[in-house]
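Residue numbers (the working numbering), protein chains in the order written: chain W, 144 to 574; chain U, 15 to 316. Ideal Cβ positions, reconstructed from N, Cα and C, are used throughout, including at glycine. Keep in mind the model is a prediction, meaning the values are calculated, not measured. Below is one structure, written out as structure tokens, with a few remarks after it.
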Amino acid sequence: MKLKSIRLIKKYFWQLGIALAILASITIYAIAPALTQQPVVLNLLMTAPDAQPWQQGIVKDFETKYPGIRINVIEGPNATNLLEDLYTSAFILGDSPYDLVNMDVIWTPKFAAAGWLKDLSNEFSAEELAVFSPNDIEGSRYEGKLYRVPIRSDAGVLYYRQDLLTTAGYQPPETFDELLQISQALQRKNKDTWGYLWQGRQYEGLVAMFVEVLEGYGGFWVNPTTKDVGLDQPETIQAIEFLRNTVKTGVSPPGVTTYQEEETRRIFQSGKAIFLRSWPYVWPLANEESSPIKGKIGIKPMVSAPGKSAGTCLGGWGLGIAKSSPHQKEAMTAIRYFTSNEAQRNFILKAGYVPSRRELFNDAEIVAKYSYYPQLLNIVGSSVLRPAIAQYAQASDILQRYLSAALTNSLTPEQAMKAAAKETRLLLGKK
Amino acid sequence: MTKIDTIRRREQNTAWIMLLPALLLLLLVFAYPIARAFWLSLFTQNLGTKLQPEFSGLNNYVRMAGDGRFWQSFLTTSIFTTTSVVLELLLGMGIAIVLNQRFLGRSLVRTSAILPWALPTALIGLAWAWIFNDQFGVANDLLLRLGLIKTGINWLGEPNLARIAVIFADVWKTTPFISILLLAGLQSISPDLYEAHSIDGATSWQSFRQITLPLLMPQILIASLFRFAQAFGVFDLIAVMTNGGPGGATEVVSLYIYSTVMRYLDFGYGAALVVVTFLLLVVMVAIASFLLSKSRTTKGMA
Chain W
144 MKLKSIRLIK
154 KYFWQLGIAL
164 AILASITIYA
174 IAPALTQQPV
184 VLNLLMTAPD
194 AQPWQQGIVK
204 DFETKYPGIR
214 INVIEGPNAT
224 NLLEDLYTSA
234 FILGDSPYDL
244 VNMDVIWTPK
254 FAAAGWLKDL
264 SNEFSAEELA
274 VFSPNDIEGS
284 RYEGKLYRVP
294 IRSDAGVLYY
304 RQDLLTTAGY
314 QPPETFDELL
324 QISQALQRKN
334 KDTWGYLWQG
344 RQYEGLVAMF
354 VEVLEGYGGF
364 WVNPTTKDVG
374 LDQPETIQAI
384 EFLRNTVKTG
394 VSPPGVTTYQ
404 EEETRRIFQS
414 GKAIFLRSWP
424 YVWPLANEES
434 SPIKGKIGIK
444 PMVSAPGKSA
454 GTCLGGWGLG
464 IAKSSPHQKE
474 AMTAIRYFTS
484 NEAQRNFILK
494 AGYVPSRREL
504 FNDAEIVAKY
514 SYYPQLLNIV
524 GSSVLRPAIA
534 QYAQASDILQ
544 RYLSAALTNS
554 LTPEQAMKAA
564 AKETRLLLGK
574 K
Chain U
15 MTKIDTIRRR
25 EQNTAWIMLL
35 PALLLLLLVF
45 AYPIARAFWL
55 SLFTQNLGTK
65 LQPEFSGLNN
75 YVRMAGDGRF
85 WQSFLTTSIF
95 TTTSVVLELL
105 LGMGIAIVLN
115 QRFLGRSLVR
125 TSAILPWALP
135 TALIGLAWAW
145 IFNDQFGVAN
155 DLLLRLGLIK
165 TGINWLGEPN
175 LARIAVIFAD
185 VWKTTPFISI
195 LLLAGLQSIS
205 PDLYEAHSID
215 GATSWQSFRQ
225 ITLPLLMPQI
235 LIASLFRFAQ
245 AFGVFDLIAV
255 MTNGGPGGAT
265 EVVSLYIYST
275 VMRYLDFGYG
285 AALVVVTFLL
295 LVVMVAIASF
305 LLSKSRTTKG
315 MA
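Listed below in structure tokens is the structure:
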């Protein structure tokens, strides 16, 4: 009997051991965390230069307030288009490793149309959304539904040399013609000075700059609801002719068709230009101690043709939630906190971003530090959106290619825009 | 007679059965993806359709006919391929002939000559992008020091210069591949032939044309076919060096297809692009091999 039982134990020894091991691991991996309250980790990918201020500022504040949630900020590439590619491939592969999605305004329709984002329409009431700039909210919608909450605004700004304009007795220009005239008049007085700088290289910035001129002439690119294409309309040709004229009349340097933001800023900051179309990031740099134009510049919205409304291109970032994220509730808590008045206020005072909440542009403490924000509110208010269509990236590439061809004289504006309109219509399924 | 027939048939059957696994494997890894691409190209599956496939017949192909960017990239790819393969063949041949001579340290030189080909292309692309950088690149530095130019050239910022730069980098990278293949061919040619030819009073140019070239033809053909197919699908080198810029001047077909699928999520149209490129490539290879075999037979007849 005894021998038999020993033999039995021997026989089942391994099975018993395995069963015990499984039981133990279940306890360790499933039950123990529930007892010790492991914090939920939310993954958030952003460009490397943004990651640092986020980690040290807004994320730290959030984690002290909500100890149950950790934000894991993942540093992505510096270039935003590479960041978009990284998000895209993660989503195509299925379960996204990211819970929160930090989105540029132009990605929203694509990500939403692909079905990667949670619909936030029912999470926020109209009053809650009213505190943001209406354009920012409009840019966060796709087919009427809300997919992101704006956290950081950005809009095209026309910089001008206040000192040069004042001494010559000019008011800042309101129309395209005035911009050219003032430039030429001041260029005659100030040798080695360019009149107007804009971004003419073939890239997304070209399109952002162009929608402003297009709006100023009363034209349109793509109507997001009807999918009508306005590229072969006379207003578009006028807009291109204006840009070509800036080079022809010597107001803009011939190399302007190869410039991105930084090239134009360097020329402007060295005091060698009167007007610059760029983004808000130029202001603090141009007003640095070492800058030759410190305290000599002013900002205003883009100019327009007489009787037409001026438009500045809206950029900016917002947060959405990945549909595949298992932590929807926690992600919502994080978004609510990040877009709240208190969090944004602290973050802006530390990192100098442009706020998405309108009341912060006129906040006393913020204005004390960034005196130009009240004017910026005015500019953000008059902004135009790039069309919120799912195939935006493709439509933008078509326009960039033909616009660049027209600006570098390899095609006439009419030929270029006819071809661009045709390709865009084919893309959008419009015959 | 009938008995031999049955035996032959039985042997044939056995042969088919033995071949079947290999054939199935080939079908699975070659025919299936190609057929699948054909099938997918008949659908519109993009962000406009919320990534759901919708049958649209030949719509994608109609769109492609009017797609200036595709034809531009096809032209760019053809120019890139032809120029670099021709240059590589000429240079590779020269290097192979030099490496075939006896000289001190030959094996060392042979080993180092293959080095560019053995390095990862993405790294090479990065290195060449730095070499051609307009501000701190070695290329401009050399030209400036030699006094050939006054101000730095924006190599990768000018359409034609950028095309030259990527071809240059590709030639540097893959010439060793061709020279090693040709060297193997050269070594299989018996020295007796050259000896006999020179006794007949032939110059070295004559023996190159009448012995080396004809006997090396198989290696030349294989090398150029390999390189042709490889250069036509070039991706990494250009993606790293210019990413298709400036203004799409160096955008090759594979980069455009990558954008279409990965950036635009236009899967149906991307498949159609793959199909058309594939067919055009097949046609080009067929024409090339037809011309080659024709030139060989006429030569044989003469």
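Asked	Found
Within 8 Å, strictly: CB atoms of residue 54/U and residue 282/U	yes
C-beta atoms of residue 567/W and residue 394/W nearer than 8 Å	no
Min CB distance residue 81/U to chain W below 8 Å	yes
Bounding residues of the alpha helix (DSSP H) (the contiguous stretch that carries residue 125/U)	120 to 127
is_contact[residue 572/W, chain U] using C-beta, thresh 8 Å	yes
Residue 560/W and residue 379/W closer than 8 Å at C-beta	yes
Counted within 10 angstroms of its Cβ, other Cβ atoms place residue 247/W as buried (16 or more) or exposed	buried
Three-state secondary structure assigned by DSSP to residue 168/W	helix
8 Å Cβ cutoff, residue 315/U in contact with chain W	Only weak support is given to the placement of residue 315/U: the predicted model assigns it a pLDDT of 47, under 50, and the value that follows is read from those uncertain coordinates. No, residue 315/U lies away from the interface with chain W (no Cβ there is under 8 Å from its Cβ).
Counterpart residues of residue 218/W in DSSP-defined beta bridges	189/W
Simplified DSSP assignment, three categories, for residue 252/U	helix
Identity of the residues DSSP links to residue 418/W by a beta bridge	303/W and 339/W
Buried versus exposed, by CB contacts within 10 Å (16 or more), residue 23/U	exposed
8 Å Cβ cutoff met for residue 185/U and residue 102/U	yes
Own chain residues within Cβ distance below 6 Å of residue 199/U, not counting five before or after	230 and 233
Pairwise C-alpha distance: residue 197/U and residue 110/U	5 Å
Helix, strand or coil at residue 163/U [DSSP, three-state]	coil
CB-CB length for residue 274/W against residue 502/W, believed under 8 Å	7 Å
Nearest-angstrom Cβ-Cβ length linking residue 451/W and residue 360/W, presumed shorter than 8 Å	6 Å
Euclidean distance between Cα positions of residue 144/W and residue 165/W	Confidence is the limiting factor: at residue 144/W the pLDDT is only 49, short of 50, which leaves the residue's position unreliable and the question unanswerable from this model.
Where residue 280/U meets chain W, residues with beta-carbon distance less than 8 Å	534 and 537
Proximal residues to residue 138/U (C-beta, below 6 Å), its chain only, five neighbours per side dropped	187
For residue 254/U and residue 126/U, the rounded distance between their alpha carbons	24 Å
DSSP bridge partner residues for residue 465/W (one or two, in chain order)	260/W
Under 9 Å (Cβ pairs) to chain U, residues found in the segment 229 to 262 of chain W	231, 232, 235, 252, 253, 256, 257 and 258
Option nearest residue 58/U by Cα separation, candidates 45/U, 74/U and 107/U	74/U
Secondary structure of residue 445/W, DSSP reduced to three states	coil
Chain W contact for residue 61/U (CB, 8 Å cutoff)	yes
Chain-ordered chain W contacts of residue 260/U [CB-CB under 8 Å]	344, 345 and 401
Interface flag, residue 255/U vs chain W, CB-CB below 8 Å	no
Option in 427/W, 265/W and 443/W with minimal Cα separation from residue 436/W	427/W
Sequence-distant residues of the same chain with beta carbon closer than 8 Å to residue 274/U, five excluded per side	280, 283, 284 and 287
Exposure label - residue 316/U; buried when at least 16 CB within 10 Å	Because residue 316/U sits at a pLDDT of 41, beneath the cut-off of 50, its placement in the model cannot be relied upon, and the following sentence gives the value as read from the coordinates. When all chains shown are included, residue 316/U counts as exposed.
Near-chain U residues of the segment 383 to 407 of chain W (beta-carbon distance less than 8 Å), N- to C-terminal order	401
Whole-angstrom C-beta distance between residue 289/W and residue 263/W, which should lie under 8 Å	5 Å
Given residue 259/U as reference, the closest of 189/U, 178/U and 33/U once Cα atoms are compared	178/U
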